[in-house]
Amino acid sequence: MKVTIVAVLTFFQLLVFVTSINVITDAGSVFMTVTWDKSTNKYKIQSNTANNWAAKAEFLNQINTTGWSYLDVTTNRDLPDDVQAYAAGLVEGYITSDLIKNHWINTIEGYCKQPFNPYCQRLLNFMKDNINYMNQFIKFMDSKNPYSAYTHQMKLFLLQVDGLRDGYYYDKEPPSGGNTDLDPFGFYYNNQWMVLDYKKFTPGQPIKSGTLTSYRTVTRLPRNWRLFCIIRKSEILAKLQHSVSSVIAIPKVFNMSGGPENVKKYGDWFSYDGSPRAKIFKRDQDKVVDLKSMIKLMRYNDFTNDPLSKCNCTPPYSAENAISARSDLNPASGTYPFQALGHRSHGGTDMKLTNKEMFQNLEFVAVSGPTYDQQPPFDWTKADFSKDCPHNGHPNVFKFNPVYFNSTSNVRPFYR
Ligand SMILES: *[C@@H]1O[C@H](CO)[C@@H](O)[C@H](O)[C@H]1NC(C)=O
Ligand SMILES: *[C@@H]1O[C@H](CO)[C@@H](O)[C@H](O)[C@H]1NC(C)=O
Ligand SMILES: *[C@@H]1O[C@H](CO)[C@@H](O)[C@H](O)[C@H]1NC(C)=O
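Mapping of the sequence shown onto mature numbering (1 follows the signal peptide of the UniProt record, and there is no 0): residues -20 to -1, 1 to 396, in sequence order.
Here is the structure:
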């Protein structure tokens, strides 16, 4: 069988992995519909379907059994794009409001409290400027003819986020002006984005330029910006390794982020081709022959035995130096040349995988939670950081099998 696979590793703090809601304890799906009244331009969220539906959603929370909650949203293609985008956000914000709330509590609640310290004030101003800039840019482009598809998508994205916020607050207390934390929807967190253009890809053929485009947020800039949001675009010739190496691949962005200094100071760990993860991919990519072996590679972490996981550390290896990191397994008593190799609430939190064939049907395979292939499963009750790391809605133990997803009503196990 010939398969070509794309997979993405998610590297976030453990505290941002899958969250869930508390209200539904039974396994049933929840359905919601958003209707739009054209004459009044009013939206309504309801549990029964209606003729003038703009978006509908099915939601199923199986966090305790598969490690995932499933959501699928369908919009009515006969309606204007902006109505579809806003309605999609509205129904999602409403139907997943408990998840949103837990996620907010688990990640950034209390990060910036009023009265804001200077850093939080700068952050807020920056975010406002950024949104204003986007809105002005959209207005400006809107006034042009022809108006760009890119800007149109930007506009739809912002409308969808507005809908998400309004859906979240639908029949709840609205945020009370002066005395709240930063608006959760002010954080459009981003990190590294990849756009894969499957049209340009033919199995067995060399990869064409433009197949994979990578965008990277710059996390260090001169002057006083500690947090930044410049997004640089760069076309790169795709290497499979690219999508999974967490080291910045875009030379200019690498430079701006202080990459060369780090390489000088600490060595190859900080370079794109020389990091342990890149080396493991290089060594093991030939072992991938089908979906199962790809999952295995993406979940691989044998840090106590793999020579590529070694470091100048005590003990002499790090669980960060693997395809799917498990920094929780590094002993807190260890010694490490830099923090990233040490004991932290950090690691690969899941795996998602698709290939050309599955992609045509919007299907993918996913495994929730940190890897447990060569290691014990992650368990909140055993993690020493669990007190400082809110994890509302999480199961205690993340030991889940892969699932095959194409829609909430059709999700099924993927046998490995
Ligand atoms: C998952 O299990 C926890 C602990 O037993 C429970 O509190 C929670 O309601 C469950 N979540 C769902 C969505 O079933
Ligand atoms: C990175 O910066 C250095 C000096 O700051 C410069 O010499 C080099 O050309 C830059 N490389 C890239 C790819 O921008
Ligand atoms: C998902 O797969 C099932 C069975 O393979 C198929 O009948 C269904 O149409 C698919 N659903 C979507 C949304 O593609």
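We put the CB at the ideal spot given by N, CA and C, even for glycine. The model shown is predicted, which means the values in this text are computed figures rather than measured ones.
Inter-residue Cα distance where the pair is residue i and residue j
i: Tyr127; j: Asn115; result: 14 Å
i: Leu277; j: Ala68; result: 35 Å
i: Leu220; j: Leu144; result: Here Leu220 scores only 33 on pLDDT, less than 50, and its place in the model is too uncertain to base an answer on.
i: Lys119; j: His132; result: 10 Å
i: Lys124; j: Gln354; result: 56 Å
i: Arg306; j: Asp62; result: 42 Å
i: Gln26; j: Asp58; result: 20 Å
i: Asp282; j: Tyr352; result: 10 Å
i: Gly314; j: Thr15; result: 57 Å
i: Ile75; j: Pro311; result: 40 Å
i: Asp146; j: Gly73; result: 7 Å
i: residue 409; j: Phe11; result: Here the chain comprises residues numbered -20 to 396, so residue 409 is not present and cannot be evaluated.
i: Asn341; j: Asn335; result: 10 Å
i: Phe339; j: Gln101; result: 43 Å
i: Thr191; j: Phe181; result: 7 Å
i: Tyr23; j: Phe106; result: 31 Å
i: Lys188; j: Asn301; result: 31 Å
i: Pro295; j: His323; result: 12 Å
i: Ser348; j: Gln265; result: 22 Å
i: Lys267; j: Lys179; result: 26 Å
i: Tyr395; j: Pro183; result: 25 Å
i: Asn56; j: Met274; result: 36 Å
Coarse secondary structure for residue i, derived from DSSP in three states
i: Gly90; result: coil
i: Gln340; result: helix
i: Ala258; result: helix
i: Gly47; result: coil
i: Asp163; result: Low local confidence applies: a pLDDT of 48 at Asp163 is under 50, so the model's placement there is unreliable, and no value is given.
i: Asp330; result: strand
i: Ile111; result: helix
i: Glu72; result: helix
i: Val391; result: coil
i: Glu300; result: coil
i: Val268; result: coil
i: Thr361; result: helix
i: Asn82; result: helix
i: Tyr384; result: strand
i: Ala346; result: strand
i: Leu192; result: strand
i: Leu176; result: strand
i: residue 401; result: A question about residue 401 goes unanswered here, because the residues of the chain that appear run from -20 up to 396.
i: Gln42; result: strand
Any non-hydrogen atom of ligand 1 closer than 7 Å to residue i Cβ
i: Asn341; result: no
i: Ile43; result: yes
i: Pro370; result: no
i: Pro382; result: no
i: Pro357; result: no
i: Pro183; result: no
i: Pro240; result: no
i: Pro311; result: no
i: Pro375; result: yes
Beta-carbon proximity of residue i to residue j, cut-off 8 Å
i: Asn44; j: Pro375; result: yes
i: Leu288; j: Ala299; result: no
i: Ile303; j: Arg263; result: no
i: Ala30; j: Thr13; result: yes
i: Ala65; j: Leu136; result: yes
i: Asp52; j: Ser387; result: yes
i: Pro393; j: Val383; result: yes
i: Asn21; j: Gly373; result: no
i: Pro357; j: Val377; result: yes
i: Leu79; j: Ser49; result: yes
i: Ala320; j: Lys332; result: no
i: Tyr280; j: Lys290; result: no
i: Tyr148; j: Ser255; result: no
i: Asp17; j: Asn32; result: yes
i: Lys104; j: Phe117; result: It is Leu, not Lys, that sits at residue 104 in the sequence shown. Contact: no.
i: Glu337; j: Phe385; result: no
i: Ser366; j: Ser9; result: no
Any chain B beta carbon closer than 8 Å to residue i
i: Met274; result: The question asks about chain B, but that chain is absent: this structure has only one protein chain.
Heavy atom of ligand 5 within 7 Å of residue i beta-carbon
i: Ser123; result: With respect to small molecules bound, the structure shown includes ligand 1, ligand 2 and ligand 3 and not ligand 5.
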